[in-house]
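A short worksheet on the structure shown next.
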Amino acid sequence: MQSINSQYPSLLLERAVNEISRLPGIGTKTALRLALHLLRRSEGEVDALAQSLTDLRHGVRYCKCCHNICDADLCPICSSNGRDRGMVCVVENVRDVMAVESTMQFKGLYHVLGGIISPMDGVGPGDIEIASLVDRVAQGGIREVILALSPTMEGDATSFYIYRKLQDTGVSITAIARGVAQNDELQYTDEATLGRAIVGRLPFAK
43 MQSINSQYPS
53 LLLERAVNEI
63 SRLPGIGTKT
73 ALRLALHLLR
83 RSEGEVDALA
93 QSLTDLRHGV
103 RYCKCCHNIC
113 DADLCPICSS
123 NGRDRGMVCV
133 VENVRDVMAV
143 ESTMQFKGLY
153 HVLGGIISPM
163 DGVGPGDIEI
173 ASLVDRVAQG
183 GIREVILALS
193 PTMEGDATSF
203 YIYRKLQDTG
213 VSITAIARGV
223 AQNDELQYTD
233 EATLGRAIVG
243 RLPFAK
């Protein structure tokens, strides 16, 4: 039975608003507007949206090599014969892969950490994919590791930790040029600036 104090004329609408408002950056008012918009669409359109979200959650995998999201065991980048397999660009998350790819300046492979070291948030080296990066380098065939983490305090600390782990492996360790402003997140940097930072990468400075 619907609560007498509910501000919604329908419990189904209230439930939809509550679920939509769980999404990041979506408040109750925006969630209500989106829910009412969906009510105005055809059942087929709404069913297609719901099915795509279900398929996304249950079907998407993580690449067993670089940890990018994909639909198979290997992502299209790792399985491509046209990429330079001797170069690995280390990024924080999947959105950073998309940002670097949009510059069309990098033709190597990636390694997605899935986060950065942040003691304040309880994230240590063992909570992100650093060990698997060290294993990839140890397997051979990689000549350069590019540290393309956001130039924040946490990003710099993570880069330094990775550098310490790889410094005796014989691979070249570089970092993107500081065309990316300090404290800026990589995914929000414009394509031209990010592209120049990739091309103009420098040896990692301790």
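Using the numbering used here, read the sequence shown as starting at 43 and increasing by one per residue.
For every residue, glycine included, the Cβ atom is placed at its ideal position computed from N, Cα and C.
Taking all protein chains shown into account, decide if residue i is buried (16 or more other Cβ within 10 angstroms of its Cβ) or exposed.
| i | result |
| --- | --- |
| Asn60 | exposed |
| Pro167 | exposed |
| His153 | buried |
| Asp163 | exposed |
| Ile158 | buried |
| Leu54 | exposed |
| Ala180 | exposed |
Do residue i and residue j have their CB atoms nearer than 9 Å?
| i | j | result |
| --- | --- | --- |
| Ala219 | Pro245 | no |
| Ala58 | Ala77 | yes |
| Asp113 | Val130 | no |
| Leu81 | Ala73 | no |
| Ile119 | Val136 | no |
| Lys149 | Asp115 | no |
| Leu138 | Ser52 | A quick correction: the sequence has Asp, not Leu, at residue 138. No, these two residues do not count as a Cβ contact at 9 Å. |
| Gln170 | Leu189 | The sequence given here has Ile at residue 170, not Gln. Not a contact, by the Cβ cut-off of 9 Å. |
Quick one, which of the options has its alpha-carbon nearest residue i's?
| i | options | result |
| --- | --- | --- |
| Val213 | Arg206, Glu186 and Ser201 | Glu186 |
| Gly197 | Gly67, Cys105, Ser52 and Val133 | Val133 |
| Asn200 | Ile172, Ile184, Gln209 and Asp210 | Going by the sequence as given, residue 200 is Thr instead of Asn. Closest option to Thr200, Cα to Cα, is Ile172. |
| Cys105 | Gly156, Ala190 and Val88 | Gly156 |
| Ile184 | Cys117, Ala92, Thr211 and Ser63 | Thr211 |
| Lys207 | Asp177, Gly67, Pro193 and Thr194 | Asp177 |
| Ser160 | Arg75, Thr194 and Gly124 | Thr194 |
Can you look up residue i in the DSSP assignment and give me helix, strand or coil?
| i | result |
| --- | --- |
| Glu134 | coil |
| Met162 | helix |
| Gly69 | coil |
| Leu116 | coil |
| Ile204 | helix |
| Val154 | strand |
Taking only heavy atoms of the ligand FAD into account, decide whether any of them is closer than 8 Å to the Cβ of residue i.
| i | result |
| --- | --- |
| Glu85 | Ligands are entirely absent from the displayed structure, and the ligand FAD is therefore not among its contents. |
Would you check if the segment 136 to 146 and the segment 80 to 99 touch, i.e. whether three or more CB-CB distances between them fall below 8 Å?
Short answer: they don't touch.
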